[in-house]
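A.B. asks: Take a look at the following structure, please.
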Amino acid sequence: MRLDKSTKRKSRMERIILNQILNMEVILYLVLLLMCGSCLGKQEVKLGVLLPSRGNYPFIKDKVLPAIEYAIESIENSTKLPNHKFVVNYRDSECSETIGPLKAIDLYVDRDVDVFFGPVCDYAVAPIARFSGYWNIPVISAGATVKAFDNKTEYRLLTRIQGAYAKNAEFVLEVAKAFNWTNVGLFFHENMGGGRKGKSNCYFTVEPIFYKLKNQLKFQPKYEQFDENFPNEYDFGELLLKASTYTRIVVLCASADSVRDIMIKAHELNFDNGEYVFLNIDLFSSKNESEKPWYREDDTAERNEKARKAYEALMTVTLRKPTSPEYKHFSEEVKKRAESKDRNFTYGEEEVNSFVGAFHDAVILYAIALNETLTRNLSITNGTEITKLMWNRTFDGITGTVSIDDNGDRNADYSLLDMNPKNGKFEVVANYYGNNKEYKPEPDKKIYWAGGRNSPPPDTPTCGFDGSKCPPSEPFPEYGIVIIVLGSLLVIVLVTAFFIYRHIKLEAELAEMNWRVRWEDIMFGSMENDKKLKRQGSSVSLNRKMSLASSTCSVDTIAVHLSDVGQRQLFTKTGYYKGAIMAIKSIHKTSLTVNKPLLIEVKRIKDLQNDHIVRFIGACIDPPNMCILTEYCQKGSLQDVLENEQIKLDWMFRYSLMQDILRGMTYLFNSDIRSHGNMKSTNCVVDGRFVLKITDFGLHALRGPPDDVEEGMYAFYRTQLWTAPELLRMHYRPPEGTQKGDVYSFAIICQEIVYRSGVFYLANLDLSPEEIHQKVKNGLKPYFRPTLEEADCPCDELAEVIRKCWSEDPMERPDFQALKSTIRKLNKDGDKGNILDNLLSRMEQYANNLEALVEERTSDYLEQKKKAEDLLYMMLPKSVACNLMRGEICHAETYNCVTIYFSDICGFTAMSSESTPMQVVQLLNDLYTAFDSVIENFDVYKVETIGDAYMVVSGLPMRNGNLHAREIARMSISLLNATMSFKIRHRPNEQLKLRIGIHTGPVVAGVVGLKMPRYCLFGDTVNTTSRMESNGLPLRIHVSPCTKEVLDTFTTFDLELRGPVEMKGKGTVITYWLKGERVAPSQDKESII
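Structure (structure tokens):
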């Protein structure tokens, strides 16, 4: 029994010891596990941050990154994700729909991202949010607030941490319900100036408000929109008066300056009398900016006072600003970090903006979701699961309670601000809590309604918007009715009498036919020879006689060559009528019936008065000389100006031409003519002031197709290149055309102005007018149009306007009034100032063209003159050539002492017989080119080369004392050395054997002949030099006694006596060999004279 107790005690002790050992092993295992974990390192969580690095955005990198780093430190200091390390990979999105997605793709390809924070800009975040669903990477953005991002089927991994504009719409709806408003109008900025700006932020802001009010209040709000980029185009007063006809509650959305201008205009219209309420949507402004939005330091005290008064009728809708001590500390810390990174960067705000706080909470939200994902043993790359855990969640963030709904959008909180009239500051009077969807007025705060009201005004006036609901208190008196009836009868009688008088006057004018011109009254020829025209005082003259019947000039071209300043050559049929020159166009008809419709149309044409319309003077309807007389524009047609390369047209000038066309066509469309029907560049003419005018419109009963242009001809199809496709397809085309067809023709003319390469220019494509006509008429997609590239236009907007104008569907083409406004905006520089300024600018451009042309021609002349002079100097001595160019006679001149060089090639005749003529020419050219390069280094003149003979002289035409012998001697040595190294192309193994002779003596030199004049030497010295050369030996320099005598004066030349030599005509002569020079030529600086 005792043994059993001892045994039990022992086994109990063993179990205790065993348990302690096991506990120590577990503790040791955990310690080792922790040590190994620290040895292995923490797993990286890669945050891809896509924000702009610069710009006027509240969410630039310098503002947001410190907040993200602050949030990361908070996570690392907590117990969450202890084995993970956050790494920020920043890329500059530039707020660009192109750059932003490319940066995101780079991060994805480089595997540097597990979650995207940003972008904020809507057009940048859209493609990334689409890609993320395929990449399985979450996207958390403080932007993407537009309604389109509500569709999470397309953007399934997008979480919006700052809510959406749709949440703001819910707040506006609650405000309307709180004040019993059901009729609400919208007043907002929208980009309407064309281009590629896209919809404005204000459009996206009010869009959900529009649909929310429409769906919840069963009332479709009316709206007014304006483009604040073009403030001069819109009158806020007119827009406000228009809005006052259907609403008293106005939701505003625009820039702070535009809102201020609107409210000042509202004050001037007495809209701050208490009947109107303006709700300004200003979500993201800082506390300082939203406190006194009516005040401007750079404005007058009077306007500031007007603005303050007007802002009593305005309340501001904004995101709720956090007020907790934690947020204040967060703001100070973020600003401190930002300024420590970049000392040049300053926040300039008391507290950081809402985007900064939103990105901080975005990091916290992601960390919470990631922690739960890892707890469930899922991967960090499972973006779908992480996004699911972020949605439908509520947590405490630095900005307060953060509530994300089941669609991944934050239930944002908003505040309603109203101005306290005592201090002029806007204060929070109510808040809206998105999590509970609850509107709560701020305690101890009241709304100061404008006009001294104690309650909100009704959304509909008691008497209605037009006062019709309040009948007059007293009945209208009977005498008033009598006065109105009698007055109405009197007005009717007067109006009837006016129209009767007008009709009688019109009939009299039609019967008078004062537009008719007699053929005898039209003068042709020079006015200087016509006494009658002289008496009429005209000073214009033509340089050649013309007649209507015999003229062979172009019918629809009026052009003047700019270079013909003295005698202007006219390219249109012209004549003189009443002392003024007129353009005359033939009427291609054999007979003409004058009826009332024709008379009415002629009167309408004659009554047109506009600076950009060619004036109709009259018409001659006497067969066979029937013609139309119009104003004459001497600069020609637009086509002539464009095809004249001498005229330099900058883009301001080209825009002015387009504007002139639009002004003329706009006037024409607003007149009784309505349309042109034959619009083309040849029917746009330019007068002497470079003002473009429209011609050849109307009078279709008088005009007819030219006799020499029939269907099927080249000229016929060319005239159709400006015609709209819908008109080409008509079998019976109206001669007056259509307004939309004229817009198409204007587009073709604009393309001519852009390229200046003719009508319907096609790059890299050569088609005949008939082929182009057929392709345009067929109307097959893609529609056939001339070449138009954005790079060739000064701006993309111009190319877009031209493409709209030549749309296949006529209804898609803008009218000329809209085009006039659009082109004026594009031509901001050229449309400044008055008419005189623009005219002077055009004349200055014209003068500059002439100056440039004269300068170019002068430069060409001087260049050609220099080439001719250089060629002459190569043929004659420069002094002789200068005398000949001055027209002076070049007399022969005697030179008492010169030295002449003669050389030829030994065995040249035999070599020539064994070589081809081309080889002989190549040999001499190579040799004499080498010689010419050598003699340039000496004071010598090359006289001529005859075959293989080479003749050089020194001492003329410029005398040089006794240096001529030295120069020829040195040159001979150099030429002999050059010959030793010379290689014959077709006989490289043969040595060329040059034989040289030099002699000194007197000569006579002069120019011989008139055609191909030559500078020749005459005298016995030339013959003696020739004998010295012919009696010499190959590769030796044969020197005469006269030359040796001069060379001895230099004491540097090595001469060897050859002895007596028998020369023809000279007898026996003691000659010498020149072997070289003992001293280098560069060392002899003295001249021996």
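Here the sequence shown stands for residues 1 to 1089, where the numbers follow UniProt numbering.
From the three backbone atoms N, C-alpha and C, an ideal C-beta is built for every residue, glycine too.
Return helix, strand or coil for Arg1078, following the three-state DSSP convention.
C.D. replies: Arg1078 falls in the coil class under three-state DSSP.
A.B. asks: Give me the Cα-Cα distance between Phe697 and Gly677, rounded to the nearest whole angstrom.
C.D. replies: 7 Å
A.B. asks: Rounded to the nearest angstrom, what separates residue 1095 and Asn180 at their Cα positions?
C.D. replies: Nothing about residue 1095 can be reported from this structure: the residues present for the chain run from 1 to 1089 only.
A.B. asks: Let me confirm a value: Val402 is counted as buried when at least 16 other C-beta atoms fall within 10 Å, else exposed. Which label applies?
C.D. replies: buried
A.B. asks: Applying the 10 Å Cβ sphere with the 16-neighbour rule, what's the burial state of Leu798?
C.D. replies: Buried, since its Cβ has 16 or more Cβ neighbours within 10 Å.
A.B. asks: Quick check on Asp1054: buried or exposed, where buried means 16 or more other Cβ atoms within 10 Å of its Cβ?
C.D. replies: So Asp1054 ends up on the exposed side.
A.B. asks: Could you check how far apart the C-beta atoms of Asn371 and Leu157 are, in whole angstroms? I think they sit under 8 Å.
C.D. replies: That belief does not hold up - the Cβ atoms of Asn371 and Leu157 are roughly 18 Å apart, past 8 Å.
A.B. asks: Sorted by chain position, which residues of the same chain lie with C-beta nearer than 6 Å to Ala358's C-beta, five sequence neighbours on each side aside?
C.D. replies: Once the five neighbours on either side are set aside, the close Cβ partners of Ala358 are Ala142, Ile161 and Gln162.
A.B. asks: In this structure, what does DSSP give as the bridge partners for Glu427?
C.D. replies: Asp418
A.B. asks: Taking Arg130 and Glu154 to be in contact with their CB atoms under 8 Å, please state how far apart those CB atoms are, rounded to whole angstroms.
C.D. replies: 6 Å
A.B. asks: Does DSSP put Asn670 in a helix, a strand or coil?
C.D. replies: helix
A.B. asks: For Ile281, which of Ala450, Lys265, Tyr895 and Ser258 has the nearest alpha-carbon?
C.D. replies: Ser258
A.B. asks: Measure the beta-carbon distance from Gln646 to Leu853 and round it to whole angstroms, keeping in mind my assumption that it falls under 8 Å.
C.D. replies: 5 Å
A.B. asks: In its own chain, which residues sit with a C-beta less than 7 Å from the C-beta of Thr373, not counting the 5 before and 5 after it?
C.D. replies: The residues are Asn382, Glu385, Ile386 and Leu389.
A.B. asks: Among Leu486, Asn191, Asp235 and Val250, which has the Cα closest to the Cα of Asn229?
C.D. replies: Asn191
A.B. asks: Classify Pro782 as buried or exposed, calling it buried when 16 or more other Cβ atoms lie within 10 Å of its own Cβ.
C.D. replies: exposed
A.B. asks: What are the partner residues of Phe902, as DSSP defines its beta bridges?
C.D. replies: Met951 and Gly997.
A.B. asks: Please name the residue or residues paired with Pro127 in a DSSP beta bridge.
C.D. replies: For Pro127, which the question treats as bridged, DSSP gives no partner whatsoever.
A.B. asks: Is the beta carbon of Phe236 less than 8 Å from the beta carbon of Asp261?
C.D. replies: yes
A.B. asks: Within the present structure, is the beta-carbon of Asn229 separated from the nearest heavy atom of the ligand PLP by less than 7 Å?
C.D. replies: This structure lacks the ligand PLP; in fact it carries no ligand of any kind.
A.B. asks: For Arg2, count neighbouring C-beta atoms within 10 Å of its own C-beta (all shown protein chains included) and say buried if the count is 16 or more, exposed if not.
C.D. replies: For Arg2, the predicted model reports a pLDDT of 36, less than 50, meaning its position is unreliable and no value from the coordinates is stated.
A.B. asks: Leaving aside the five residues before and after Lys242 along the sequence, list all residues of the same chain whose C-beta is less than 7 Å from its C-beta, in chain order.
C.D. replies: Glu224
A.B. asks: Run through DSSP, which three-state label would Ile968 get?
C.D. replies: Secondary structure of Ile968 (DSSP, three-state): helix.
A.B. asks: Mapping DSSP to helix, strand and coil, what is residue 1096?
C.D. replies: Nothing about residue 1096 can be read from this structure; the chain reaches only from 1 to 1089.
A.B. asks: For the alpha helix (DSSP H) containing Gln216, list its first residue and its last residue.
C.D. replies: Unbroken alpha helix (DSSP H) run through Gln216: Asn201 to Gln216.
A.B. asks: Whose CA, out of Arg663, Asn270 and Pro1002, lies closest to the CA of Leu692?
C.D. replies: Arg663
A.B. asks: Can the beta-carbon of Tyr276 be found less than 8 Å from the beta-carbon of Arg248?
C.D. replies: One thing to note: Tyr276 has its Cβ within 8 Å of the Cβ of Arg248.
A.B. asks: Answer yes if the region 934-944 comes into contact with the region 910-920, meaning at least three C-beta pairs across the two stretches below 8 Å, and no otherwise.
C.D. replies: no
A.B. asks: First and last residue of the alpha helix (DSSP H) that includes Asn925?
C.D. replies: Pro917 to Ile935
A.B. asks: What three-state label does DSSP hand Pro1002 in the structure shown?
C.D. replies: strand
A.B. asks: At what residues does the alpha helix (DSSP H) containing Pro597 begin and finish?
C.D. replies: Lys596 to Asp607
A.B. asks: Alpha carbon to alpha carbon, how far is Arg1027 from Glu1077? Give it in angstroms, no decimals.
C.D. replies: Going by the C-alpha atoms only, they are around 24 Å apart.
A.B. asks: Report the three-state DSSP secondary structure of Lys335 (helix, strand or coil).
C.D. replies: helix
A.B. asks: How about Leu721 and Phe760: are their beta carbons less than 8 Å apart?
C.D. replies: yes
A.B. asks: By Cβ distance, which residues of its chain are closer than 6 Å to Arg393, with the 5 residues on each side in sequence left out?
C.D. replies: Ile404, listed in sequence order.
A.B. asks: Check whether the region 584-599 touches the region 663-673, counting contact only when three or more Cβ pairs, one atom from each stretch, lie closer than 8 Å.
C.D. replies: no
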